[in-house]
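Just so you know, the sequences run in chain order C and F.
All residue numbers for the first sequence refer to our numbering, where the first residue is 4 and numbers rise by one.
All residue numbers for the second sequence refer to our numbering, where the first residue is 4 and numbers rise by one.
Working notes, structure below.
Protein chains: 2
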Amino acid sequence: MAAQRLNEFERIRRFFAPLAAPGALGLSDDAALIDGPDGQQYVLTADAIVEGVHFLSDDPPAQVAQKLLRVNLSDLAAKGAVPVGYLLVTALPRARDEAWLESFAAGLAADQASFGIGLLGGDSTATDGPATLSVTAIGRVASGRAVLRSGARPGDDVYVSGTLGDAALGLRALRGELPGIAAETRDFLAGRYRLPQPRLALGQRLPGIAHAMMDISDGLVADLGHIAEASGVGAVIEAALLPLSPAARSVIAADPLRLSAALGGGDDYELLFTAAAEVGTALTALADELDLPLTRIGRTEAGSGVEVLDDRGATLAVPVAGYRHF
Amino acid sequence: MAAQRLNEFERIRRFFAPLAAPGALGLSDDAALIDGPDGQQYVLTADAIVEGVHFLSDDPPAQVAQKLLRVNLSDLAAKGAVPVGYLLVTALPRARDEAWLESFAAGLAADQASFGIGLLGGDSTATDGPATLSVTAIGRVASGRAVLRSGARPGDDVYVSGTLGDAALGLRALRGELPGIAAETRDFLAGRYRLPQPRLALGQRLPGIAHAMMDISDGLVADLGHIAEASGVGAVIEAALLPLSPAARSVIAADPLRLSAALGGGDDYELLFTAAAEVGTALTALADELDLPLTRIGRTEAGSGVEVLDDRGATLAVPVAGYRHF
Numbered sequence: 004m005a006a007q008r009l010n011e012f013e014r015i016r017r018f019f020a021p022l023a024a025p026g027a028l029g030l031s032d033d034a035a036l037i038d039g040p041d042g043q044q045y046v047l048t049a050d051a052i053v054e055g056v057h058f059l060s061d062d063p064p065a066q067v068a069q070k071l072l073r074v075n076l077s078d079l080a081a082k083g084a085v086p087v088g089y090l091l092v093t094a095l096p097r098a099r100d101e102a103w104l105e106s107f108a109a110g111l112a113a114d115q116a117s118f119g120i121g122l123l124g125g126d127s128t129a130t131d132g133p134a135t136l137s138v139t140a141i142g143r144v145a146s147g148r149a150v151l152r153s154g155a156r157p158g159d160d161v162y163v164s165g166t167l168g169d170a171a172l173g174l175r176a177l178r179g180e181l182p183g184i185a186a187e188t189r190d191f192l193a194g195r196y197r198l199p200q201p202r203l204a205l206g207q208r209l210p211g212i213a214h215a216m217m218d219i220s221d222g223l224v225a226d227l228g229h230i231a232e233a234s235g236v237g238a239v240i241e242a243a244l245l246p247l248s249p250a251a252r253s254v255i256a257a258d259p260l261r262l263s264a265a266l267g268g269g270d271d272y273e274l275l276f277t278a279a280a281e282v283g284t285a286l287t288a289l290a291d292e293l294d295l296p297l298t299r300i301g302r303t304e305a306g307s308g309v310e311v312l313d314d315r316g317a318t319l320a321v322p323v324a325g326y327r328h329f
Numbered sequence: 004m005a006a007q008r009l010n011e012f013e014r015i016r017r018f019f020a021p022l023a024a025p026g027a028l029g030l031s032d033d034a035a036l037i038d039g040p041d042g043q044q045y046v047l048t049a050d051a052i053v054e055g056v057h058f059l060s061d062d063p064p065a066q067v068a069q070k071l072l073r074v075n076l077s078d079l080a081a082k083g084a085v086p087v088g089y090l091l092v093t094a095l096p097r098a099r100d101e102a103w104l105e106s107f108a109a110g111l112a113a114d115q116a117s118f119g120i121g122l123l124g125g126d127s128t129a130t131d132g133p134a135t136l137s138v139t140a141i142g143r144v145a146s147g148r149a150v151l152r153s154g155a156r157p158g159d160d161v162y163v164s165g166t167l168g169d170a171a172l173g174l175r176a177l178r179g180e181l182p183g184i185a186a187e188t189r190d191f192l193a194g195r196y197r198l199p200q201p202r203l204a205l206g207q208r209l210p211g212i213a214h215a216m217m218d219i220s221d222g223l224v225a226d227l228g229h230i231a232e233a234s235g236v237g238a239v240i241e242a243a244l245l246p247l248s249p250a251a252r253s254v255i256a257a258d259p260l261r262l263s264a265a266l267g268g269g270d271d272y273e274l275l276f277t278a279a280a281e282v283g284t285a286l287t288a289l290a291d292e293l294d295l296p297l298t299r300i301g302r303t304e305a306g307s308g309v310e311v312l313d314d315r316g317a318t319l320a321v322p323v324a325g326y327r328h329f
């Protein structure tokens with residue numbers, strides 16, 4: 004009689020949430036806040052990637068390094084923070100050669116320059132298993148201004164940056180699951196999977212505007228569910244409003260079931276936030292200024308859970324509800 | 004023609020040191036400093052442990068958790084810092100059951116209470132390999148008061164806390180490499196290996212007294228070598244002065260070659276520091292107050308490297324110069 008397995012979120016809630024410090028935001032925010040100097044708070048976040056789970060053995064090491072850094076910077080972006088630095092922990096197979104490490108370090112160097120951060124410390128060890136890499140990233144934000152997941156109010160508009168589903172479709176393309184796809188389309192989607200773009204400039208403009216925010220790593224529906232749960236609200240998404248890239252649009256046109264990539268696929272690392280209807284005009288101006296689409300995709304309401312409506316207003320079942328590690 | 008493999012320190016120096024931020028202390032200190040509030044600095048440190056490398060599959064999960072936390076708290080102790088909190092990243096095999104996790108969390112809870120810290124965040128993921136666990140620990144220290152590895156001056160006395168070699172002998176006992184050892188002796192030594200005691204109270208008293216400090220995790224000779232290199236000095240240790248527990252003394256009496264455990268074995272997590280001769284009396288009083296032996300084992304001098312002298316003043320060769328992961 005095997006017991007029902009707990010998923011990652013249930014494990015965190017059951018075993019780790021009782022251990023949370025006051026600044027840990029109940030472990031529901033993928034980030035913690037501690038006091039910094041000069042009216043600032045530090046935002047702390049940690050994310051790990053494992054070879055064979057989050058990246059492939061033949062992925063270019065520089066891109067692995069950049070993805071590792073960027074998924075963490077994306078968590079800082081989602082709090083409205085400015086990155087400060089990071090600690091890096093590597094557990095690498097003994098046979099991993101120095102050319103791999105050299106390329107890995109070159110990827111870090113490139114992104115350090117892009118994002119204005121430096122390496123603060125860490126640890127390196129050997130493992131008999133797959134490479135396991137983790138980063139603890141540190142950012143800063145004016146005290147009390149970090150945007151949490153818990154601030155959504157009923158009647159907010161729900162927004163996403165950029166386009167959705169590209170990364171999930173990119174992974175499927177890399178796995179050969181999208182036969183007949185044009186090379187250019189495949190390259191675009193694969194690039195979105197391999198090298199996310201943390202939306203730091205956007206995130207830093209949203210304190211005081213967004214009521215709740217997070218980045219999309221588990222998939223739109225799952226992640227909006229996290230905001231809804233933390234905020235004690237429900238949410239309704241209109242599938243017809245989802246922002247799709249031309250590449251994703253063409254792939255979905257060939258098979259409409261692939262729309263699930265935009266609704267349920269993870270790894271887009273776009274920002275998902277809620278805001279009052281009154282700031283809609285300001286957000287349109289901000290999107291123009293940053294040259295980054297900001298799309299209203301639905302609204303929050305009293306209640307709980309996330310509902311997805313098709314273009315006739317009927318409820319759509321969403322098959323993929325976030326990546327489950329366990 | 005296989006190229007010469009770089010060890011962990013050479014890899015850090017070559018690939019990661021060029022990436023170091025200003026607060027990273029050149030990555031030579033196992034800790035970074037960033038500004039905190041109210042005239043304080045935060046000390047940041049990260050350490051990972053891998054199943055099969057740093058702990059055994061059948062080790063009690065609560066003790067694994069405590070060792071993981073304590074090796075990080077020991078790094079904070081070595082800077083003179085007060086622990087604030089930590090982030091935890093776990094990569095666990097999918098088959099790891101919830102009883103393991105429950106015991107692991109209980110170990111964290113016990114040590115959180117012992118050391119007055121809380122969990123700030125982290126990540127949990129699955130792996131096809133061995134369990135890989137890492138902690139980023141955060142402490143605080145008055146600005147400019149953290150004790151670095153680089154502050155030793157020629158003519159300092161070299162001190163260690165507690166006793167040396169217990170953990171290395173404990174590991175050998177657990178591996179069955181010390182046949183005939185008394186059960187009580189084995190249990191004491193194994194306990195020292197499994198559950199290090201971070202010397203926080205001592206560390207917090209040493210800013211302004213110690214010139215240079217670190218914890219002993221790679222072994223006395225290797226770690227004193229790190230201080231010597233960072234400080235630009237040499238060091239001489241007198242083997243006859245090494246503080247040994249009664250258990251270690253009995254095991255070494257049976258085979259004097261086992262003295263290498265005290266000189267070269269790691270995992271004791273005692274503090275190693277240098278100080279001016281003038282503070283000797285104050286250190287004796289501090290040892291009494293804390294009920295923790297502080298033993299002068301040698302001195303620093305102009306030059307470089309670490310020399311170990313036997314009781315006739317002849318140079319001893321030390322076979323184990325720090326644990327090499329690669």
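Using N, Cα and C, we set each Cβ at its ideal position, and we do this for glycine too.
For residue i, the three-state DSSP class (helix, strand or coil)
{"i": "isoleucine 37 (chain F)", "result": "strand"}
{"i": "alanine 5 (chain F)", "result": "Residue confidence is low: alanine 5 (chain F) scores 39 on pLDDT, short of 50, so the model does not pin down where it sits. Its coordinate-derived value is still stated next. Coil, per DSSP."}
{"i": "alanine 320 (chain C)", "result": "coil"}
{"i": "alanine 23 (chain C)", "result": "strand"}
{"i": "phenylalanine 18 (chain F)", "result": "helix"}
Within-8 Å CB hit, residue i to chain F
{"i": "isoleucine 219 (chain C)", "result": "no"}
{"i": "glutamine 115 (chain C)", "result": "yes"}
{"i": "alanine 213 (chain C)", "result": "no"}
{"i": "glutamate 232 (chain C)", "result": "no"}
{"i": "alanine 51 (chain C)", "result": "yes"}
{"i": "glycine 26 (chain C)", "result": "yes"}
{"i": "glutamate 347 (chain C)", "result": "Residue 347 (chain C) is absent from the model: chain C starts at 4 and stops at 329."}
{"i": "tyrosine 29 (chain C)", "result": "In the sequence as presented, tyrosine is not what sits at residue 29 (chain C); that position holds glycine. Answer no: the Cβ-Cβ gap between glycine 29 (chain C) and chain F never drops below 8 Å."}
{"i": "arginine 14 (chain C)", "result": "yes"}
Among the options, nearest to residue i - alpha-carbon criterion
{"i": "phenylalanine 118 (chain C)", "options": "C:Pro201, C:Glu292, C:Ile15", "result": "C:Pro201"}
{"i": "isoleucine 300 (chain F)", "options": "F:Val46, F:Gln69, F:Asp270, F:Ala265", "result": "F:Ala265"}
{"i": "alanine 65 (chain F)", "options": "F:Thr298, F:Phe107, F:Asn75, F:Gly132", "result": "F:Phe107"}
{"i": "glycine 88 (chain C)", "options": "F:Leu286, F:Pro157, F:Asp38", "result": "F:Asp38"}
{"i": "glycine 147 (chain C)", "options": "C:Arg14, C:Ser263, C:Val46", "result": "C:Val46"}
{"i": "arginine 315 (chain F)", "options": "F:Ser263, F:Ala243, F:Ala186, F:Tyr272", "result": "F:Ala243"}
{"i": "glutamine 207 (chain F)", "options": "F:Tyr162, F:Ala280, F:Glu180, F:Leu293", "result": "F:Leu293"}
{"i": "isoleucine 141 (chain F)", "options": "F:Leu223, F:Lys70, F:Ala34, F:Arg152", "result": "F:Ala34"}
{"i": "leucine 203 (chain F)", "options": "F:Gly165, F:Leu59, F:Ser307, F:Ala23", "result": "F:Gly165"}
{"i": "alanine 238 (chain F)", "options": "F:Leu59, F:Ala278, F:Ser220", "result": "F:Ala278"}
Range covered by the beta strand (DSSP E) that runs through residue i
{"i": "leucine 95 (chain F)", "result": "85–96"}
{"i": "alanine 49 (chain F)", "result": "43–53"}
Within-8 Å CB hit, residue i to chain C
{"i": "threonine 135 (chain F)", "result": "yes"}
{"i": "aspartate 126 (chain F)", "result": "yes"}
{"i": "glutamate 11 (chain F)", "result": "yes"}
{"i": "valine 87 (chain F)", "result": "yes"}
{"i": "phenylalanine 19 (chain F)", "result": "yes"}
{"i": "glycine 222 (chain F)", "result": "no"}
{"i": "leucine 22 (chain F)", "result": "yes"}
{"i": "valine 239 (chain F)", "result": "no"}
{"i": "aspartate 131 (chain F)", "result": "yes"}
{"i": "threonine 48 (chain F)", "result": "yes"}
{"i": "aspartate 169 (chain F)", "result": "no"}
{"i": "proline 40 (chain F)", "result": "yes"}
{"i": "leucine 104 (chain F)", "result": "yes"}
Span of the alpha helix (DSSP H), counted from its first residue to its last, around residue i
{"i": "phenylalanine 12 (chain F)", "result": "11–14"}
{"i": "aspartate 78 (chain C)", "result": "64–80"}
Where are the beta strand (DSSP E) runs, 3 residues long or more, that stay fully inside the region 203–272 of chain F, in chain order?
With a minimum length of 3 residues, the continuous beta strand (DSSP E) runs that stay inside the region 203–272 of chain F are 213–218, 237–241.
At what residue ranges does the region 273–312 of chain F contain a whole run of the alpha helix (DSSP H), taking only runs of 4 or more?
Restricting attention to alpha helix (DSSP H) runs no shorter than 4 residues, the region 273–312 of chain F encloses them at 283–293, ordered along the chain.
Residue ranges of each beta strand (DSSP E) within the region 119–190 of chain C, 3 or longer
With a minimum length of 3 residues, the continuous beta strand (DSSP E) runs that stay inside the region 119–190 of chain C are 121–130, 135–145, 160–164.
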